[in-house]
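Chains as they are written, first to last, in my numbering: chain A, 5 to 347; chain B, 5 to 347. Comments concern the structure below.
2 protein chains.
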Amino acid sequence: MTGPDSLSPVWWADGRLMLLDQTLLPTQEVVRAHERWEDVADAIRTLVVRGAPAIGVAAAFGVALAAGQSRATTFDGLLADLETAIKGLAATRPTAVNLFWALDRMKRVLLDARDLPLDRVGPRLLAEAQAIRDADIAANRAMGAHGAGLVPANARILTHCNAGALATAGYGTALGVIRAAHAQGKVALVWVDETRPVMQGSRLTAWECVREGIPHRLISDVAAASLMARGQVDLVVTGADRIAANGDTANKIGTYSLAVLARHHGVPFYVAAPFSTIDPALPSGAGIPIEERDGAEVRRVGATQTAPSESPVYNPAFDVTPADLIAAIVTERGVFRPPYRFG
Amino acid sequence: MTGPDSLSPVWWADGRLMLLDQTLLPTQEVVRAHERWEDVADAIRTLVVRGAPAIGVAAAFGVALAAGQSRATTFDGLLADLETAIKGLAATRPTAVNLFWALDRMKRVLLDARDLPLDRVGPRLLAEAQAIRDADIAANRAMGAHGAGLVPANARILTHCNAGALATAGYGTALGVIRAAHAQGKVALVWVDETRPVMQGSRLTAWECVREGIPHRLISDVAAASLMARGQVDLVVTGADRIAANGDTANKIGTYSLAVLARHHGVPFYVAAPFSTIDPALPSGAGIPIEERDGAEVRRVGATQTAPSESPVYNPAFDVTPADLIAAIVTERGVFRPPYRFG
């Protein structure tokens, strides 16, 4: 948490998982320590930590915490306890695949540790969670370098939600690309979509831009189209929560809307995400489960009620952008172009 | 204010202009009495009364109030006082043409009253404001009857902002079309766009739907595209703040976005507005001035700060939808189809 390069919402310290409480940004910077996997699951569910890569990292540390919590005296006892924890952590949010990817990876390490002395299993799991965290930051830096190549000089870049340092272990995916391009002096302006209903754009992306001196301007989501019509947007870049084998991409609600608008206006629309976001088991976006969240997120902001309490709400957290609207997908392994084949 | 048919945000009572304070909906229903034109101008500027037709009606009554305020003893003195009032009322908001239309109409009546006894001029102006109000409600009912013919059975209709009774003298324009179709049993569901930043959809349109038992479901603006992609929207209908001679239409920010999305998904996009919204002096939408409002509207909701105070904001209140994205424009004179000629 000191200096832009080390901005991270999720790290390990003194046997505890530290999370920057993202529900309180931009007005309060509060770090919470978590000692039990159940508390990590709550933090994921309540958006204390959010962003596909960040929740994968947090869940991995949650498994390490669960190993410390276990009173089991046999490997099979520990395995049973950790399977409960893994199931509980997996049940928090359905759409982002990085969560399941990280938990699968922890499970494999656990199973491979069957022949270790039992007191060595916990440290092995913690080391793996640390490796997942470190690899995420490294992937984001690589992604930034690849993605910056797509950014022209004096670019006005529109982004949606927060795919920044706060959504990852650090540096960010879409905002990592913007960071890298900014470091190269190519960013004239970042248009920050507010991103209703949870406002990750105004609360988090704008906060990161202020913190790092990236020139930006906040807009209501509904203003993006008229900016594009007036030639004020050179490219759009967003993160992703799950990418199907054909390139169809689930991301924060409103991403699909931007992709359609970008196509209409001839603006390139890019996705940046770690390779672990690609779900090879899903042939297309039609199979991606879309989380529906509580209507209260739309009916009120903070203490202010903005709709009648009687009004029913439809509050999907994500939408799916078909691959044919995506000009390129940036990963740490390079830039993929349609037709997408990640194999 | 008793019963759905008489829901109105603007009416005259006991020598005062009564306005339902729309900044407090949906949680409080407060009516404010206005005795001075300056207070009416403030009410328009601060969105106590909003909606193109409603601000036209309110401004007309503001001129009648100004006549009562004047101490002039000659017609020319009264004319000077009322010209000041008309100028002050016109300076409140730049985009909606109904404001200027109503003020022009009041000015013409004033000039025609030059030969009346001076104490008859005020009553003549008040009668004209009442006539503008009555004609608005009648126009909306006619518009509803015309527009309902565009609505298929079991329609799922998406609307943006509030173009309802609250935006007019009563009954509404876009929501008037929905009201009429609902009375005919044709409305399965109204998708209510929240409409950031001022949330006229969630605060006002949802409130009207609750009050009248119109089946509805509130969404964040960003969710509209994915509903369209899944075939959940049969048509879109919005109001208008100014329509150029070629059919280009200025309306609440986000309307253009919906029109592009509707075109992409093959969903018809309709506009409903009184004929007075058409500005024959403007050949195209390029000439429509777009009001930019304070960034604080985007940086906070009620008492909750949702963005860093350092973040610059771009907050246009309106956008312009080109005529070629509009399937039909519904007025009290009938349904116009492209290419638009209103002559």
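The C-beta atom is built at its ideal place from N, Cα and C for all residues, glycine as well.
query: The stretch 316 to 333 of chain B touching the stretch 212 to 231 of chain A, judged by at least three CB pairs closer than 8 Å; result: yes
query: Endpoints, beta strand (DSSP E) assigned at Asn-255 of chain A; result: 253 to 256
query: Any chain A beta carbon closer than 8 Å to Ile-223 of chain B; result: yes
query: For Leu-162 of chain A, three-class secondary structure by DSSP; result: strand
query: Segment contact, 8 Å Cβ cut-off, at least three pairs: the stretch 201 to 217 of chain A with the stretch 83 to 96 of chain A; result: no
query: Short CB-CB distance (under 8 Å) between Trp-41 of chain B and chain A; result: no
query: Classification of Val-44 of chain B by the beta-carbon crowding that lies within 10 angstroms, buried from 16 upward; result: buried
query: Close-in-space but distant-in-sequence residues of the same chain around Thr-209 of chain A (CB under 7 Å, 5 per side omitted); result: Thr-163, Asn-166, Gly-168, Leu-179 and Val-196
query: Cα-Cα separation between Ala-187 of chain A and Arg-49 of chain B, rounded to whole angstroms; result: 43 Å
query: CB contact flag (Ala-152 of chain B, Ala-192 of chain B, <8 Å); result: no
query: Per DSSP, cross-strand counterpart(s) of Arg-221 of chain A; result: A:Trp-195
query: Whole-angstrom distance between Pro-312 of chain B and Leu-120 of chain B, CA atom to CA atom; result: 59 Å
query: Beta strand (DSSP E) segment containing Phe-279 of chain A, residue limits; result: It is not in any beta strand (DSSP E) - Phe-279 of chain A carries neither H nor E in the DSSP assignment.
query: Buried versus exposed call for Asn-144 of chain B [16 or more other C-beta atoms within 10 Å across all chains shown]; result: buried
query: Cα-Cα separation, Gly-7 of chain B to Gly-347 of chain B; result: Bear in mind that a pLDDT of 38 at Gly-7 of chain B, under 50, signals an unreliable position, so the number given afterwards is only what the model happens to contain. Roughly 37 Å separates the two Cα atoms.
query: Gln-348 of chain B: contacting residues in chain A (beta-carbon distance under 8 Å); result: Shown here, chain B extends from 5 to 347; a query on residue 348 of chain B therefore has no answer.
query: Beta-carbon contacts of Leu-28 of chain A that lie in its chain and below 8 Å, excluding the five residues immediately before and after; result: Val-34
query: Buried or exposed by the 16-neighbour rule on C-beta atoms within 10 Å, applied to Asp-245 of chain B; result: buried
query: Residue(s) in a DSSP beta bridge with Thr-335 of chain A; result: A:Gly-338
query: Per-residue burial, Gly-251 of chain A [other beta carbons within 10 Å of its own, 16 or more giving buried]; result: buried
query: Closer than 8 Å to chain A by CB, Leu-24 of chain B; result: no
query: 6 Å Cβ shell around Lys-190 of chain A - same chain, five flanking residues per side excluded; result: Val-155, Ala-157 and Ala-159
query: Leu-82 of chain B: first and last residue of the uninterrupted beta strand (DSSP E) it sits in; result: Counting along the chain, Leu-82 of chain B falls outside any beta strand (DSSP E), though it belongs to the alpha helix (DSSP H) covering 79 to 94.
query: Cβ contact check for the stretch 289 to 298 of chain A and the stretch 226 to 238 of chain A: 3 or more pairs under 8 Å; result: no
query: Which listed residue (A:Val-113, A:Thr-77, A:Trp-41 and A:Gly-81) has its alpha carbon closest to that of Ala-62 of chain A; result: A:Trp-41
query: Minimum Cβ-Cβ distance from Glu-216 of chain B to chain A less than 8 Å; result: no
query: Reduced DSSP category for Pro-8 of chain A - H, G, I as helix; E, B as strand; rest coil; result: With a pLDDT of 38 at Pro-8 of chain A, under the threshold of 50, the predicted position of this residue should be treated as unreliable, though the coordinate-derived value follows. Correct three-state label for Pro-8 of chain A: helix.
query: Strand pairing of Ile-353 of chain A, partner residues [DSSP]; result: In the structure as shown, chain A starts at 5 and stops at 347, and residue 353 of chain A therefore has no counterpart that could be examined.
query: Residues bridged to Val-14 of chain B (per DSSP); result: B:Leu-23
query: Reduced DSSP category for Leu-329 of chain B - H, G, I as helix; E, B as strand; rest coil; result: helix
query: Meets three-Cβ-pair contact criterion under 8 Å: the stretch 169 to 176 of chain A and the stretch 126 to 144 of chain A; result: yes
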